[in-house]
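Participant: Please read through the structure below; I'll follow up with questions.
Protein chains: 2
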Amino acid sequence: MLSEQELEKSPLFHDINYQDYREILTCFQAVQRVFRADELIYDFSSDAVGVVERGQASLIRIDEEGVATVLEDLGAGGVFGKSLAFAGSTGDSLEVICRHSCDVVFLDYSHIFTLCGNACHRHSVLVQNMLRLVADKAQALSRRVDVLSRRSIREKLLCYFRQLSQQADSRTFTLPFSLSTLADYIATDRSAMMRELKRLREEGVVRSDGRQFTLRQ
Amino acid sequence: MLSEQELEKSPLFHDINYQDYREILTCFQAVQRVFRADELIYDFSSDAVGVVERGQASLIRIDEEGVATVLEDLGAGGVFGKSLAFAGSTGDSLEVICRHSCDVVFLDYSHIFTLCGNACHRHSVLVQNMLRLVADKAQALSRRVDVLSRRSIREKLLCYFRQLSQQADSRTFTLPFSLSTLADYIATDRSAMMRELKRLREEGVVRSDGRQFTLRQ
DNA sequence: TTGTGCATGTGGGATATGCAACGGAAAGGG
DNA sequence: CCCTTTCCGTTGCATATCCCACATGCACAA
Numbered sequence: 001m002l003s004e005q006e007l008e009k010s011p012l013f014h015d016i017n018y019q020d021y022r023e024i025l026t027c028f029q030a031v032q033r034v035f036r037a038d039e040l041i042y043d044f045s046s047d048a049v050g051v052v053e054r055g056q057a058s059l060i061r062i063d064e065e066g067v068a069t070v071l072e073d074l075g076a077g078g079v080f081g082k083s084l085a086f087a088g089s090t091g092d093s094l095e096v097i098c099r100h101s102c103d104v105v106f107l108d109y110s111h112i113f114t115l116c117g118n119a120c121h122r123h124s125v126l127v128q129n130m131l132r133l134v135a136d137k138a139q140a141l142s143r144r145v146d147v148l149s150r151r152s153i154r155e156k157l158l159c160y161f162r163q164l165s166q167q168a169d170s171r172t173f174t175l176p177f178s179l180s181t182l183a184d185y186i187a188t189d190r191s192a193m194m195r196e197l198k199r200l201r202e203e204g205v206v207r208s209d210g211r212q213f214t215l216r217q
Numbered sequence: 001m002l003s004e005q006e007l008e009k010s011p012l013f014h015d016i017n018y019q020d021y022r023e024i025l026t027c028f029q030a031v032q033r034v035f036r037a038d039e040l041i042y043d044f045s046s047d048a049v050g051v052v053e054r055g056q057a058s059l060i061r062i063d064e065e066g067v068a069t070v071l072e073d074l075g076a077g078g079v080f081g082k083s084l085a086f087a088g089s090t091g092d093s094l095e096v097i098c099r100h101s102c103d104v105v106f107l108d109y110s111h112i113f114t115l116c117g118n119a120c121h122r123h124s125v126l127v128q129n130m131l132r133l134v135a136d137k138a139q140a141l142s143r144r145v146d147v148l149s150r151r152s153i154r155e156k157l158l159c160y161f162r163q164l165s166q167q168a169d170s171r172t173f174t175l176p177f178s179l180s181t182l183a184d185y186i187a188t189d190r191s192a193m194m195r196e197l198k199r200l201r202e203e204g205v206v207r208s209d210g211r212q213f214t215l216r217q
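Here you go:
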């Protein structure tokens, strides 16, 4: 259960007062839980929709050979659920894993599309908030597709760097994760990516120091 | 303006009666238009959100060298808009192009998040419908990411085939587009893809006849 | 301190992939 | 009907990318 201060910052319960919030929890059969780093948050076996209220989590895919790939990064406002991420091809499994301690709210998804007589106003504000979150998710996925649909490592890197630069509103930005994870994120081999990075540095296209990068020109 | 029969099939105006529908058009400053094949539907310059009510369209990216890549396929219920697809890195441009004649509804996006006093019920049903459509879009994009994040052409093909097979609920399914477009969809070279496809056939992993495929075993 | 684990760099060799090119089949338009 | 365009299928060749291996540094705990 959130405190009143926490409620103000909540992406899902934005513009909802404390009284309404408490009633919604009952009406939607919502469950809230705190997770610690590396804990399993969700395994796509239930129909619930989860919202990350605070913290950092990752949606990862584990294929038949046990190779893990980061499919999504979920920060505050991140949503996940069976109805939002296609359950991978048979053989693979999907998991949401906690990176840094997380507050997560689970909702019964079907409830959102069921008109309930008594709580209609609260309901519609929540649906509106949910729409905003899912729209943000669609945007994030679009960005991901933009990167992944590039044909070479070089283009993938540059595309991703431009995105980060745009988000930071500066030529200088910091990677949200390690270089190893970056290779995973753009779906290429780490050593090949390092080689290409070196080339980019040598040609003066980027400067880098640790996870901090600067796009030149 | 839709007829009453068309309204019943509309994804966006589902569960909304004709009278309410007409008032919504005014309230949301909605614009409806019909497009013919190859016409430009949207160029991401306005803040509007579009919904494909009928027909087929594609969201394509055109990079600095003029190379076009299909980012999304939009059928009935497909939604697009600046706030749903990250405006690509500078230099690239995004466009929604009509494939087969389309009916499209454009809405003012900010209206959706503004509570209007008089039409609250209609409003909330529309928001609910929109949420459903955007959730479907997120799911489609997740599928795409699932495919694109595979490391080899073989894996990409198999992943995509499994998705189609799952959707068709059968080992046999039909590609929604040409093999050339498929290569584009999985972001690889066409000839390399054809080579891999031949190998898959030779190894007996798939059978194919034109655009019809069957996954063996 | 030493040791263990993880992230970062770098390189050699094998190969999957990209590129350019071609011919024929199929489809659509006048 | 013919003509044009697109799609399909294939190949030779260059190289970008993958895979494996190793060295370094850094953090953290024993």
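These protein sequence lines map, in sequence, to chains H and Z. Residue numbering for the first sequence follows my numbering, beginning at 1 and increasing consecutively. Residue numbering for the second sequence follows my numbering, beginning at 1 and increasing consecutively. All residues carry an ideal CB built from backbone N, CA and C; glycine is no exception.
For the ligand SAM, I want to know if Z:Arg36 counts as a neighbour, meaning its beta carbon is within less than 6 Å of at least one of the ligand's heavy atoms.
Facilitator: As for the ligand SAM, it is missing from this structure, which has no ligand bound.
Participant: Compare the Cα-Cα distances from Z:Ser58 to each of Z:Pro176, Z:Arg199, Z:Ala192, Z:Lys156 and report the closest residue.
Facilitator: Among Z:Pro176, Z:Arg199, Z:Ala192, Z:Lys156, the Cα nearest to that of Z:Ser58 belongs to Z:Pro176.
Participant: Let me check understanding here. Comparing Cα to Cα, which of Z:Leu215, Z:Ser89, Z:Asp20 lies closest to H:Asp146?
Facilitator: That would be Z:Ser89, whose Cα lies nearest to the Cα of H:Asp146.
Participant: Pull up the distance between the alpha-carbon of H:Ser208 and that of H:Pro11, whole angstroms please.
Facilitator: Near 34 Å, if we compare the C-alpha coordinates of H:Pro11 and H:Ser208.
Participant: Between Z:Thr214 and chain H, is the shortest Cβ-Cβ distance under 7 Å, so that the two count as touching?
Facilitator: By this cut-off, Z:Thr214 is not an interface position.
Participant: Taking C-alpha atoms, which residue in Z:Gly50, Z:Phe35, Z:Val96, Z:Leu25 lies nearest to Z:Leu71?
Facilitator: Out of Z:Gly50, Z:Phe35, Z:Val96, Z:Leu25, Z:Val96 has the C-alpha closest to the C-alpha of Z:Leu71.
Participant: Leaving out five residues before and five after H:Arg171 in sequence, what residues of the same chain have Cβ atoms less than 8 Å from its Cβ?
Facilitator: Contacts found: Ser165, Thr214, Leu215, Arg216.
Participant: If distances are taken between C-alpha atoms only, which option among H:Thr181, H:Arg162, H:Val127 comes closest to H:Phe28?
Facilitator: Looking at the Cα atoms, H:Val127 is the closest of the given residues.
Participant: Beta-carbon within less than 7 Å of Z:Leu7's beta-carbon, same chain only, minus the 5 sequence neighbours each way: which residues are those?
Facilitator: Excluding residues within five positions, the ones whose Cβ falls inside 7 Å are Phe13, Tyr18, Tyr21.
Participant: Drop a sphere of 10 angstroms on the beta-carbon of Z:Met1, count the other beta-carbons inside from all chains shown, and report buried for 16 or more, exposed for fewer.
Facilitator: By the neighbour-count rule (16 or more Cβ atoms within 10 Å), Z:Met1 is not buried but exposed.
Participant: Does the beta-carbon distance from H:Val34 to H:Asp108 come in below 7 Å?
Facilitator: No, they are not a contact pair.
Participant: Against chain H, with Cβ distances strictly below 7 Å, would Z:Thr181 count as a contact?
Facilitator: No, because no Cβ of chain H sits closer than 7 Å to the Cβ of Z:Thr181.
Participant: So which of Z:Val206, Z:Arg61, Z:Ser110, Z:Asp184 has the shortest CA-CA distance to H:Ser142?
Facilitator: It is Z:Arg61.
Participant: Excluding five sequence neighbours on each side, which residues of the same chain lie with their C-beta closer than 8 Å to the C-beta of Z:Arg154?
Facilitator: Excluding sequence neighbours, Z:Arg154 sits near Glu196, Arg199, Leu200.
Participant: According to a CB-to-CB cut-off of less than 8 Å, which residues of the region 143–155 of chain H neighbour chain Z?
Facilitator: Hits within the stretch, in order: Arg143, Arg144, Val145, Asp146, Leu148, Ser149, Arg150, Arg151.
Participant: Let me confirm a value: Z:Gln139 is counted as buried when at least 16 other C-beta atoms fall within 10 Å, else exposed. Which label applies?
Facilitator: So Z:Gln139 counts as buried.
Participant: How far does the alpha helix (DSSP H) with H:Asp161 in it extend, from its first residue to its last?
Facilitator: This sequence places Phe at residue 161 of chain H; Asp is not what is there. Taken as a continuous stretch (DSSP letters only), the alpha helix (DSSP H) holding H:Phe161 covers 153–168.
Participant: Using the DSSP secondary-structure output, state which residues sit across from H:Ile62 in a beta bridge.
Facilitator: H:Ile62 is bridged to H:Ala68, H:Ser93.
Participant: Just to confirm, is the Cβ distance from H:Arg162 to H:Lys156 under 7 Å?
Facilitator: Cβ atoms of H:Arg162 and H:Lys156: not closer than 7 Å.
Participant: From the beta carbon of H:Ala48, is the nearest beta carbon of chain Z less than 7 Å away?
Facilitator: No, its Cβ sits nowhere closer than 7 Å to a Cβ of chain Z.
Participant: So what does H:His100 bridge to, in DSSP terms?
Facilitator: DSSP output for H:His100 lists H:Gln56 as bridge partner(s).
Participant: Assuming H:Asp209 is part of the beta strand (DSSP E), what are its boundary residues?
Facilitator: Note, H:Asp209: beta strand (DSSP E), 206–209.
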